[in-house]
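In our numbering, the protein residues as written are 415 to 1044. For each residue, glycine too, the CB sits at the ideal point set by N, CA and C. The structure displayed is predicted, hence computed values, not measured ones. Written below as structure tokens is the structure these notes are about.
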RNA sequence: GCCGGAUUAGCACAGCGGUAGUGCAUUCGAUUCGUAAUCGAAAGGUCGUGGGUUCGAUUCCCACAUCCGGCUCCA
């Protein structure tokens, strides 16, 4: 019953599924199974194609650059990469040469064949790789056999190129036509800093030219909404070289947006029973000896400064400070939970190569809070945090990937605690109907946590909100409360951030909105543009009225053409442009142009009431809603 | 921190072994305009910093700083 699917019969076939398992088209059918042909429009086909493109690239590289050793070449979210060990780094100039060689190998339409090695033949294979000067392949094989001595190994061959690989692959190189090599980078062998750095080449591949072009266009579009570019164009912030990397200067417009978000946060925090506190930025380093940060986190802290023979440190975290406030007086079980909140700047020494605009900085402002509670209160407290985060995400229209991170190998604390806390986290997510993945062993050494990860314009992952359970700091600070039994008990501490940090969150929403902030966040909500200077007084009167109604409005009566000023407002992504000419003055009206397009002439009072309706009143707490028009 | 690349006016970019140029922004002048750039002029640069090669370096070489893409890290 062995069935080999003829390539001529299924030109578009890329791979097949046997009982749901992805296999090569050349697979021999040894028992009855449900057979399904995977064609180019199947999402799985793209992965197969990209993996095969990675092989094609490795083939091209080994033929162009003798001595380049192959390692691994997996598929990524939008493409693939392959890591090589070569005595010089590849540069962007090498990529066209490699692409040309790939094109040539594709035109040869080499068969891609698969060879299966039973366990007893693997030692021979290892020797073969060693003899051929491919030590990395030999190492991978050795590790596979050490893990399971009965493993079967497959090797794929196209022309004179062979690679150890699980597959599946496209049946012939001729199917690989629309690809692009994108960048070169260094990457450590097996991801460890201690190992040799390899040369990585990234690329992507599609079945059709149109898909490839669309992808490249998407990358260009994404670059346009890069928060570093928009931050300069919209005059939101700067990071001057003279004042140091990773330290942000917020300009008036950026600071305005940030302060509106902080006002929103404070109102939400108040509703949820958080108490605001303030703690010092610089403290004697004893605090961090007690917290254990000097032992475990010192390489991420700014070095000590000496004042009157005492060492002081800039804080890298707020939890020790909040612990001091908790500890400042005896606590009763009746006081719990205690929720201390601070939108607080901390400073961390992040390694220079990791800094990235607002998204990764050395001076960061956490929307931090620490909840001190009993183990019994933990589920409700965590559910409250998850609900808060969910609410915030809905306000900003953001989506996050949620991870529940469980007990790592190196952990402290009792099993009872880990179990109860992990359970509380899981229950909270399920109660709120939040889909999540488990990050097995990804928790902090002191406790499990929930992490929310966001994606930037080009798909990079950034951690934002987090909820962490921690019995360790209460222990270190000897925190206690008097229980109803009259005895002293230890509270649990929950670390949580709703937005993450203000810096990273701003980066995120700048890219999310592509700089076109919704009305409630827009630094300038409306600009009034007189057509000529005769209308200036009317414009100032209207502006005054609008300011009284809570609008952030400006008059642009610069000596520039109307077109120029419209364009300027459009480029600055100002939501409303209000043009005033003779007609509007006579009618007590405004010619309303929206940045999204559309024009209409409305009485001033109508413009104000429309504006107030457009600010989503459900999203904002009462204290922030615009006041009634006067 | 590691690998590769980059650094020229406020911004975006040309250029080149013989001491710098364009556009926008800025300032000034003209223009008073009906929905995405009015015209003209002026001003603006130790060509990232330091060292070397050279008769001469913005250009070539080295170190450092910063940025970009990755890697690693992100108790």
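Euclidean distance between Cα positions of residue i and residue j
i, j, result
"residue 701", "residue 735", "8 Å"
"residue 1007", "residue 988", "10 Å"
"residue 773", "residue 719", "27 Å"
"residue 428", "residue 932", "45 Å"
"residue 585", "residue 527", "7 Å"
"residue 513", "residue 592", "11 Å"
"residue 654", "residue 642", "13 Å"
"residue 415", "residue 582", "Note on residue 415: pLDDT 35, under 50, position unreliable in the model; no value is reported."
"residue 674", "residue 884", "31 Å"
"residue 457", "residue 466", "15 Å"
"residue 422", "residue 812", "Annotation note: pLDDT 44 at residue 422 (below 50); position unreliable, no value reported."
"residue 794", "residue 842", "8 Å"
"residue 565", "residue 788", "50 Å"
"residue 569", "residue 629", "31 Å"
"residue 624", "residue 631", "10 Å"
"residue 808", "residue 802", "10 Å"
"residue 749", "residue 900", "14 Å"
"residue 605", "residue 497", "11 Å"
"residue 447", "residue 430", "12 Å"
"residue 562", "residue 505", "39 Å"
"residue 929", "residue 913", "18 Å"
"residue 437", "residue 858", "39 Å"
"residue 671", "residue 662", "15 Å"
"residue 435", "residue 635", "36 Å"
"residue 873", "residue 617", "15 Å"
"residue 973", "residue 982", "13 Å"
Reduced DSSP secondary structure (H/G/I, E/B, other) of residue i
i, result
"residue 583", "coil"
"residue 1020", "helix"
"residue 831", "helix"
"residue 909", "strand"
"residue 504", "coil"
"residue 895", "strand"
"residue 451", "strand"
"residue 973", "coil"
"residue 1001", "helix"
"residue 886", "helix"
"residue 520", "helix"
"residue 957", "helix"
"residue 843", "helix"
"residue 986", "coil"
"residue 725", "strand"
"residue 981", "helix"
Start-to-end residues for the alpha helix (DSSP H) that takes in residue i
i, result
"residue 537", "536 to 545"
"residue 715", "Segment: none, residue 715 is in no alpha helix (DSSP H) and carries neither H nor E."
"residue 601", "Residue 601 -> not in any alpha helix (DSSP H); beta strand (DSSP E) instead, spanning 592 to 602."
"residue 557", "549 to 561"
"residue 705", "700 to 705"
"residue 683", "666 to 685"
Opening and closing residue of the beta strand (DSSP E) in which residue i lies
i, result
"residue 612", "611 to 620"
"residue 1052", "Since the first residue of the chain shown is 415 and the last is 1044, residue 1052 is not available in this structure."
"residue 824", "Unbroken run through residue 824: none, as it is neither H nor E."
"residue 852", "851 to 853"
"residue 991", "990 to 994"
"residue 606", "Residue 606 -> no beta strand (DSSP E), and no H or E assigned at all."
"residue 870", "Premise fails: residue 870 is in no beta strand (DSSP E) and is neither H nor E."
"residue 814", "No beta strand (DSSP E) holds residue 814; DSSP gives it neither H nor E."
Chain-order list of residues whose beta-carbon lies under 7 Å from that of residue i (same chain, five-residue window excluded)
i, result
"residue 730", "707, 711, 714, 715, 760, 761 and 762"
"residue 688", "753, 755 and 783"
"residue 889", "904"
Sequence-distant residues of the same chain with beta carbon closer than 6 Å to residue i, five excluded per side
i, result
"residue 944", "950, 953, 971 and 994"
"residue 600", "611"
"residue 509", "595"
"residue 856", "819"
Own chain, CB closer than 8 Å to residue i, minus 5 neighbours either side, in chain order
i, result
"residue 767", "none"
"residue 798", "686"
"residue 544", "552"
"residue 433", "447 and 448"
"residue 489", "461, 464, 465 and 468"
"residue 645", "651, 652, 668, 771, 772 and 924"
>> List, from N- to C-terminal side, the alpha helix (DSSP H) runs of 4 residues or more that fit wholly inside the stretch 632 to 656.
In response: 641 to 647
> Which runs of the beta strand (DSSP E) spanning at least 3 residues fall entirely within the stretch 738 to 809, listed in chain order?
Replying inline: 752 to 761 and 777 to 787
>> For a minimum of 4 consecutive residues, which ranges assigned as the alpha helix (DSSP H) are wholly contained in the stretch 442 to 502?
In response: 457 to 478
>> What ranges does the alpha helix (DSSP H) occupy inside the stretch 908 to 953, keeping only unbroken runs of at least 4 residues that lie completely in it?
In response: 916 to 926
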